[in-house]
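Q: Sharing a structure here in structure tokens format.
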Amino acid sequence: MKPRTTRAVSLCKHDHTVFILPNCRLLRSDQRTTPIGGICRTLIRTFRQLCLLITRITKPIITDTAIHSRDTKPVEPVPVCVLCLALPSFSSACSLGMWKADPADCGKFRMCVLGRETEFKCPDKTVTNQMMQACVPQGSYMDTCSKTQKTVTGKTSLTSKPDPTKTDKPTTQKTEKPTTPTIPTTSTQAQKVNPFMEMCKASPTAVLPHPQSCAKQVDCSLVMAGMVGVMECPFPTLWSTDTKRCDNPFTVKCGTRWEPKDACEYESNACKHSSHCVPCEIRFPSCKGRADGINAWSGRERTPYFVVCENERLVRQGQCTYDEESHIVFDPIERACVRL
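full-length UniProt numbering puts the first residue of the sequence shown at 1, with every later residue one more than the last.
Here it is, written out as structure tokens:
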């Protein structure tokens, strides 16, 4: 038997053509593009669009028309296969790492997958928990969704007497006791416990950057009210001191603040509240130590999955889906989709 070989699969419909998917701009003569690490970098750069060089080229400049230079002769157009990936906008409601419980069904939740909200179902005998961002055992102390549904149905049928007694016990023992004694002690204890009290005294209503993390901000109005007041931006955004909001990580200047790059470096993606949470390393790929451009998904080698990295940041995650009838995987050595 002949040994099994692999060959690269072109994402272009035809060889020696420029194949551009929807939502991709054609390059003009005044937009000089240089292949750096497999990523097209144009003078007009937006975070929503990214061009990937699929075929290897020998010419130093890619354009649809000849470019004249003082020191070089006119460079003829080079036919290159270009795949343009439309990236989700940070201003949209769906951001990477989003987890949203279905308000009408305790067994469903939505996650952001490749810029789109996708619906998932919890396993049997489990329900959603928005705070934990996970499916938890139904009827357990972590089950907050079923309890809210019971209170709603209890309002419609008030004939049963045991229901109000059950709801009164937890409110008097656990809910009210922790909140009432903390109000008079916040003025004396907050200065010792909350390290941001001194920082917020000068601007009690401002939202300030976190002194250590570039992905966090401190809401002084909450700090002065006795709360923690630390908020974290959704991955992959960072807190911008210029725009005063969570913004594009490629435009935010962190200075001396620590700059998280991986999704698992964000506390919101960590599994802290439930043992049923899927580990972050499985849900999100990493670009730490990876070269710019297309790379294999670490832990999913020899599968159709790949990632796009830039400056050790995850720009996009995707999979080879051009030829669905054949067995196509992403080759980590060729850094391209190949047919087995």
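Glycine included, C-beta positions come from ideal geometry on N, C-alpha and C.
Can you have a look at T256 and say buried or exposed, based on whether 16 or more other CB atoms are within 10 angstroms of its CB?
A: exposed
Q: Taking the runs of the beta strand (DSSP E) that are 3 residues or longer, which of them lie wholly in the UniProt domain "Chitin-binding type-2" (197-256)?
A: 207-209, 216-219, 230-232, 238-240 and 245-247
Q: R302: which of P279, C277 and I333 sits nearest, CA to CA?
A: I333
Q: Please name the residue, chosen from D219, P249, A225 and C337, that lies closest to residue 346 on a Cα-to-Cα basis.
A: Nothing about residue 346 can be reported from this structure: the residues present for the chain run from 1 to 340 only.
Q: Check this for me: beta carbons of K216 and E232, under 9 Å apart or not?
A: In contact: K216 and E232 (Cβ atoms closer than 9 Å).
Q: By DSSP's criteria, P260 is part of a beta bridge. Which residues make up the other side?
A: Looking at the DSSP assignment, P260 forms no beta bridge with any residue, so it has no partner.
Q: Specify whether the region 217-231 and the region 272-292 touch according to this definition: at least 3 beta carbon pairs, one from each stretch, less than 8 Å apart.
A: no
Q: By the three-class DSSP mapping on this structure, what secondary structure does E334 have?
A: Here E334 sits in coil by DSSP.
Q: Looking at the strands, I want to know which residues DSSP matches up with V127.
A: V136
Q: Applying the criterion that 16 or more other CB atoms from any shown protein chain within 10 Å of the CB defines a buried residue, is I54 buried or exposed?
A: In this prediction, I54 scores a pLDDT of 36, lower than 50, which makes its location untrustworthy; the coordinate-derived value is nonetheless stated afterwards. Looking at its Cβ environment, which holds 16 or more other Cβ atoms inside 10 Å, I54 is buried.
Q: In the DSSP assignment, find the unbroken alpha helix (DSSP H) run with E310 in it and report its ends.
A: It is not in any alpha helix (DSSP H) - E310 instead sits in the beta strand (DSSP E) that spans Y305 to E310.
Q: Does the beta-carbon of N194 have 16 or more other beta-carbons within 10 angstroms, so that it is buried, or is it exposed?
A: Classification of N194: buried, given that the 10 Å Cβ count is 16 or more.
Q: Output the boundary residues of the beta strand (DSSP E) element that contains R283.
A: No beta strand (DSSP E) holds R283; the alpha helix (DSSP H) holding it covers C280 to R283.
Q: I'd like the list of long-range same chain contacts for E312, defined as Cβ closer than 6 Å, with 5 residues on each side in sequence excluded.
A: K261, C287 and K288
Q: Comparing C-alpha positions only, which one of W297, H327 and V329 sits nearest to L314?
A: W297
Q: Between A101 and the rest of its own chain, which residues show a CB-CB distance below 6 Å, the 5 nearest in sequence each way excluded?
A: F109, T128 and Q130
Q: Looking at the secondary structure, which residues open and close the beta strand (DSSP E) in which N295 lies?
A: From DSSP, the beta strand (DSSP E) with N295 extends over G293 to A296.
Q: Closer than 6 Å by C-beta to Q317: which residues in its own chain qualify, once you throw out the five before and the five after it? Chain order, please.
A: Excluding sequence neighbours, Q317 sits near P285 and V307.
Q: Between which two residues does the beta strand (DSSP E) harbouring G318 extend?
A: Looking at the DSSP string, the run of the beta strand (DSSP E) that includes G318 is R313 to Q319.
Q: Measuring CA to CA, which of E310, C214, I282 and A291 is closest to G299?
A: The candidate whose alpha carbon is nearest that of G299 is I282.
Q: Apart from the five residues on each side of it in sequence, which residues of its chain come closer than 8 Å, Cβ to Cβ, to C220?
A: F196, M199, C200, S203, P204, T205, A206, V207, L208 and G229
Q: Please look up how many angstroms separate the CB atoms of S240 and V252, rounded, as I've assumed it's under 8 Å.
A: 5 Å
Q: With DSSP collapsed to three states, give me the class of E265.
A: helix
Q: In terms of DSSP beta bridges, what is R110 paired with?
A: K100 and E119
Q: Count the other CB atoms within 10 Å of the CB of D124; is the residue buried (16 or more) or exposed (fewer)?
A: exposed
Q: Leaving aside the five residues before and after W258 along the sequence, list all residues of the same chain whose C-beta is less than 8 Å from its C-beta, in chain order.
A: Q212, S213 and C214
Q: Does S286 come out as helix, strand or coil in the three-state DSSP assignment?
A: coil
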